[in-house]
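Student: Got a structure here, written out as structure tokens. Questions coming.
Residue numbers (the numbering used here): 21 to 1031.
Structure follows, in structure tokens:
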């Protein structure tokens, strides 16, 4: 960081420095605003994000005003010309701080850390050491000291972790440079300051051992083991345990000077002594007994679950009379428990491999995977191969390794492998040996005997691990909280182990306390940390291995992928064609950063998604990424794709409906559906993605692209005809969010369309007061927006509401207004539907003959039109009217015709209505057994579909049919159920149920309740 111009420090107290002079930064909240803008690295930040960063969820009413004041004061500090701001600029309703990243010490520290890693990878050790020292010198105390707010707390943790990582990198650099004596005092102090960090213990053990202090090195391991057991209830990890085993075995490869000798050119090595000829007649000297390695890290005492996998892997490893090498692999995402499972199997199989066990952490999850040649050198040393006899090349070492293992039963555990190329040189050639490989990536191309892809724990396994670590009594006292806790952990074994360790370390905490700490998805990843165990660190390792394109996809898809996403939708969000998108998605699956529950469909594990959401906005775009290629742009592209497809499906469901013409989609750009069944399948598959995308549009800041909110409103309308195929209540919940956001932003069109969906959903679920409120608000918004097409739909729904409330005169008024609009708009299907609704209202008000006339005219017009919805409805109302006229036989014919249409078009809601009406007509004809069968089928259908209003009518029809068949007790029970349903819904049909109950001998109190 240069001394000229303006500089900002956050790695300590928050300060602004200009030309060497320190400027005041104001109050703690003002510093919080400055930090929130600085650490977003030039990204425009809307006001609502800044409010949440400074005050959290409980921002006071005055927060927005305070935010503006703080911004004004900061502008006085950072701007040279305050009349023309160039540093702190207003953008929509938020702010953007335009400063070079190098002027912010924290961002510069991250840049130096990346440079140090690249220098190390390129072998430029001096440059690596210089960059690490320069980065560490930027810290002057606790990051963001004294700055309040959730964002500052999160960043404080982030940069504290970065400093610890840099210190560890500096220690490792010094060890590589052979500075063992110099680094020992610093390591001793560091391990006492950070007793739960495992890596520094390993560094200190290596330094002490290299200085000839083997006993001291072993004592460090003992202290580490005690501290981890006392504080966290866990044993040292595999890497530290393996180092301990190597020091116990006096592994010469750990000695710095021996490593240097091994790396000398061949012509500088000491010549091997010539072999002496054995004296004639003397017996040959006995060869030394082969060394038996025992390198397995310690097994854990609380291993839980995975019984089937343990058994399968063990049997594959130890199967008798094998003709080829047994290689078993365990794959899965980070934190899933691959290493733990592998070691469990390895310890169980130890007696089957009397020649010993070799273990190596191949570090495939990190930026610097282990070199196979170095691993082979370590293995050969453990097997007794002397230093002078060690080949120089990896190929020669692999040949010697296979030769040495020939005829010996040795188990090899290769943990955290990166790819098959890293593994192949390490495989024995003998069928007597066995190999266990673990890897996050799918090891395509590696010949294995058996492969097990691990999934997360089920609830029982996760709670069993909690019990093993925390104690059965504590978990047994709060079973519901325990189940919720493991669910919040996504059932990921590492996450469960971490929360269990934290609970075990805090005996006074209740399980519900830990559950509460994980409740906020944004803070959850930060809470899943205990000592050197951290979920975020595991995911970070995987993320840093991704290519830039893969990392971009990983970040951009996280917000729009709550339940899952298909290939086509992901391609739209990413702005790619389907082939390229699938390549990226499959690469993310191979890297265990995404899951593929079925072909062409992808999802994040809950915690991986939480991690990805933290990355959104924190990464700088690469040079090949277009300007503005951010989450908002991805959401816009996805909404356009979903609307195009939904409009295409809408046209299949309600062909000719003019609503399809006013929606903003382009059906010709969407998928082509040959049948209605295909359209329904597409809507079902994409629904979760569509609902989430619409909700995100509602959550966007007021300054976001207004087109997204309008597209979301159109999308909801396009999905509304598919109520029986999708969770309609979820659609309504999303519509409520869109409607409220549109009302705040003054977008009448979006509000009208979203309110229409809210009202329609409430109507379908017989929440009439709610339906009345939303349809009234929708009517008003349509009037302001001039949206007559949607207004016609709303008026029709208002007629239905009035009809169900038995306000038949009001219903006819609404229907007549809807009819007038339908005729003016040329909406034939809508016109017919509303005419039939009006006919039903007239039927209910005592004019069944008029209803018959309307239905027969409609059926005549429908002969030349393909509209199963309206056709089935016409037959249904026709049957009702005929039955009301005392013509039950003719009504049966109409209901049967209705059922035939319902069967061909899968109209199960209408089928339910037709069946209970058919039951009543059959009962009037004296065909009681048939009436009973139809009523029972109707009840089952209504319960399956979840329509309480229809269930009440079906129960009433069943009660009447049971009464006619002489089953009075069952009829009484069904009548009581129907009465309770209608009473709960507040429908006047409760009178019919009570009247039937009275006729069956069930007493009814004055208040309407029955005894």
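Just so you know, even glycine gets a beta-carbon here, dropped at the ideal spot from N, CA and C.
Small disclaimer: the values here were computed from a predicted structure and weren't measured.
Considering only residues of the same chain and omitting the five flanking positions on each side of residue 957, which have a CB-CB separation below 6 Å?
Tutor: On the chain shown, position 937 is the one that residue 957 refers to. The residues are 935.
Student: Quick check: what's the CA-CA separation for residue 538 versus residue 501?
Tutor: Translated into positions along the chain shown, residue 538 becomes position 518. Translated into positions along the chain shown, residue 501 becomes position 481. Going from the Cα of residue 538 to the Cα of residue 501 covers about 12 Å.
Student: Please return the same chain residues whose Cβ sits closer than 8 Å to the Cβ of residue 699, not counting the five positions on each side in sequence.
Tutor: Here residue 699 refers to the residue found at position 679 of the chain shown. Only 668, 669, 672, 673, 693 meet the Cβ criterion.
Student: Short check: CB of residue 782 to CB of residue 791, under 7 Å?
Tutor: The residue labelled residue 782 in the question sits at position 762 within the chain shown. The residue labelled residue 791 in the question sits at position 771 within the chain shown. Yes, the Cβ-Cβ distance between residue 782 and residue 791 is below 7 Å.
Student: Using the rule of at least 16 other Cβ atoms within 10 Å of the residue's Cβ for burial, across every protein chain shown, is residue 1019 buried or exposed?
Tutor: Counting from one through the chain shown, the residue named residue 1019 turns up at place 999. The residue is exposed, with fewer than 16 neighbouring Cβ atoms inside 10 Å.
Student: Excluding five sequence neighbours on each side, which residues of the same chain lie with their C-beta closer than 6 Å to the C-beta of residue 83?
Tutor: Your numbering for residue 83 matches position 63 in the chain shown. The residues are 71, 75.
Student: If the criterion is Cβ atoms closer than 7 Å, does the pair residue 977 and residue 955 meet it?
Tutor: Numbered from its first residue, the chain shown carries residue 977 at position 957. Numbered from its first residue, the chain shown carries residue 955 at position 935. Yes, the pair counts as a contact, with Cβ atoms nearer than the cut-off.
Student: For residue 23 and residue 166, what's the separation of their Cα atoms in angstroms?
Tutor: Taking the chain shown and counting its residues from 1, the one referred to as residue 23 is at position 3. Taking the chain shown and counting its residues from 1, the one referred to as residue 166 is at position 146. Residue placement at residue 23 is poorly supported in this model, since its pLDDT is 45, which falls under 50; the coordinates still yield a value, given next. In a straight line, the C-alpha of residue 23 is about 25 Å away from that of residue 166.
Student: Is residue 366 closer than 7 Å to residue 489 when the C-beta atoms are compared?
Tutor: Taking the first residue of the chain shown as position 1, residue 489 is located at position 469. Taking the first residue of the chain shown as position 1, residue 366 is located at position 346. Contact flag unset, no.
Student: Does the separation of the CB atoms of residue 423 and residue 273 fall below 7 Å?
Tutor: Here the question's residue 423 lines up with position 403 in the chain shown. Here the question's residue 273 lines up with position 253 in the chain shown. No.
Student: How many angstroms separate the CA atom of residue 253 from the CA atom of residue 786?
Tutor: Reading the chain shown from its first residue, position 233 is the one you call residue 253. Reading the chain shown from its first residue, position 766 is the one you call residue 786. So the alpha carbons of these two residues sit roughly 55 Å apart.
Student: Evaluate residue 27 with the Cβ neighbour count: other Cβ atoms within 10 Å of its Cβ, from every protein chain shown; 16 or more gives buried, anything less gives exposed.
Tutor: By 1-based counting over the chain shown, the position of residue 27 is 7. Flag for residue 27 reads buried.
Student: Should residue 794 be labelled buried (16 or more other beta-carbon atoms within 10 Å of its own) or exposed?
Tutor: Stepping through the chain shown from its first residue, residue 794 is reached at position 774. By the 10 Å Cβ count, residue 794 comes out buried.
Student: Take residue 1032 and list the residues in its own chain whose beta-carbon comes closer than 6 Å to its own, dropping the five residues that flank it on each side.
Tutor: Outside the modelled stretch of the chain, which goes from 21 to 1031, sits residue 1032, for which no answer is possible.
Student: Taking three-plus beta-carbon pairs below 8 Å as touching, is the region 811-824 in contact with the region 849-861?
Tutor: Short answer: they touch.
Student: In chain order, what residues of the same chain lie with their CB nearer than 6 Å to the CB of residue 910, ignoring the 5 residues before and after it?
Tutor: Within the chain shown, residue 910 is the residue found at index 890, counting from 1. The residues are 902.
Student: Would you decide whether residue 42 is buried or exposed? Buried here means 16 or more other CB atoms lie within 10 Å of its CB.
Tutor: Position 22 of the chain shown, counted from the first residue, corresponds to residue 42. Answer is exposed; the Cβ neighbour count stays below 16.
Student: Please confirm if the region 111-128 is in contact with the region 54-68, defined as three or more CB-CB distances below 8 Å between the two stretches.
Tutor: Output reads yes: the region 54-68 touches the region 111-128.
Student: Would a C-beta distance cut-off of 7 Å place residue 355 and residue 474 closer than the cut-off?
Tutor: Reading the chain shown from its first residue, position 335 is the one you call residue 355. Reading the chain shown from its first residue, position 454 is the one you call residue 474. Result no, Cβ atoms of residue 355 and residue 474 do not sit closer than 7 Å.
Student: Just how far apart, CA to CA, sit residue 337 and residue 250?
Tutor: Taking the first residue of the chain shown as 1, we reach residue 337 at position 317. Taking the first residue of the chain shown as 1, we reach residue 250 at position 230. So the alpha carbons of these two residues sit roughly 36 Å apart.
Student: Across the region 189-197 and the region 159-173, are there enough close Cβ pairs to call them in contact, namely three or more that are closer than 8 Å?
Tutor: No: fewer than three Cβ pairs fall under 8 Å.
Student: Using the DSSP secondary-structure output, state which residues sit across from residue 459 in a beta bridge.
Tutor: As a position in the chain shown, residue 459 is number 439, starting the count at 1. Paired residue(s): 351, 437.
Student: Name the residue from 680, 655, 685 whose alpha carbon lies nearest to the alpha carbon of residue 663.
Tutor: Taking the first residue of the chain shown as position 1, residue 663 is located at position 643. The candidate whose alpha carbon is nearest that of residue 663 is 685.
Student: Is it right to say residue 377 is buried, meaning 16 or more other beta carbons lie within 10 angstroms of its own, or is it exposed?
Tutor: Along the chain shown, read from residue 1 onward, the residue named residue 377 stands at position 357. With 16 or more other Cβ atoms within 10 Å, it is buried.
Student: Mind the definition here: the region 576-593 touches the region 602-619 only if three or more C-beta pairs lie below 8 Å; say whether that holds.
Tutor: Contact between the region 576-593 and the region 602-619 is present, because at least three Cβ pairs lie under 8 Å.
Student: Measuring CB atoms only, is the region 446-462 touching the region 358-374, in the sense that at least three cross pairs come out at less than 8 Å?
Tutor: Touching, per the Cβ criterion.
Student: With the cut-off set at 7 Å, would you say residue 553 and residue 666 are in Cβ contact?
Tutor: Looking up residue 553 in the chain shown gives position 533. Looking up residue 666 in the chain shown gives position 646. Not a contact, by the Cβ cut-off of 7 Å.
Student: Closest by CA to residue 370, which one among 998, 454, 311, 385?
Tutor: Taking the first residue of the chain shown as position 1, residue 370 is located at position 350. Cα-wise, what sits closest to residue 370 is 454.
Student: Closest by CA to residue 504, which one among 759, 480, 526?
Tutor: Taking the first residue of the chain shown as 1, we reach residue 504 at position 484. Cα-wise, what sits closest to residue 504 is 480.
Student: Please classify residue 617: is it buried, with 16 or more other beta-carbons within 10 angstroms of its beta-carbon, or exposed?
Tutor: The residue given as residue 617 occupies position 597 in the chain shown. The residue in question, residue 617, is exposed, as its Cβ has fewer than 16 Cβ neighbours within 10 Å.
Student: Mind checking which residues open and close the alpha helix (DSSP H) that includes residue 328?
Tutor: The count along the chain shown starts at 1 and reaches residue 328 at position 308. Note, residue 328: alpha helix (DSSP H), 327-338.
Student: Which residues share a DSSP beta bridge with residue 473?
Tutor: For this step, residue 473 is matched to residue 453 along the chain shown. In DSSP, residue 473 forms a bridge with 351.
Student: Note down, one range per segment and in chain order, each beta strand (DSSP E) of at least 3 residues found wholly within the region 524-594.
Tutor: Counting only runs of 3 or more, we get nothing.
Student: Find the nearest neighbour of residue 961 within the set 744, 36, 1006, judged by alpha-carbon distance.
Tutor: Stepping through the chain shown from its first residue, residue 961 is reached at position 941. When each option's Cα is compared against that of residue 961, the closest is 744.
Student: Distance check for residue 363 and residue 471, CA to CA, integer angstroms please.
Tutor: Reading the chain shown from its first residue, position 451 is the one you call residue 471. Reading the chain shown from its first residue, position 343 is the one you call residue 363. Their Cα atoms are separated by approximately 16 Å.
Student: Please list, in chain order, all residues of the same chain as residue 979 whose beta carbon is under 7 Å from its beta carbon, the five residues on each side excluded.
Tutor: To locate residue 979, count along the chain shown from 1; it is residue 959. Excluding positions up to five away in sequence, the list reads 991, 994, 995, 998, 1016.
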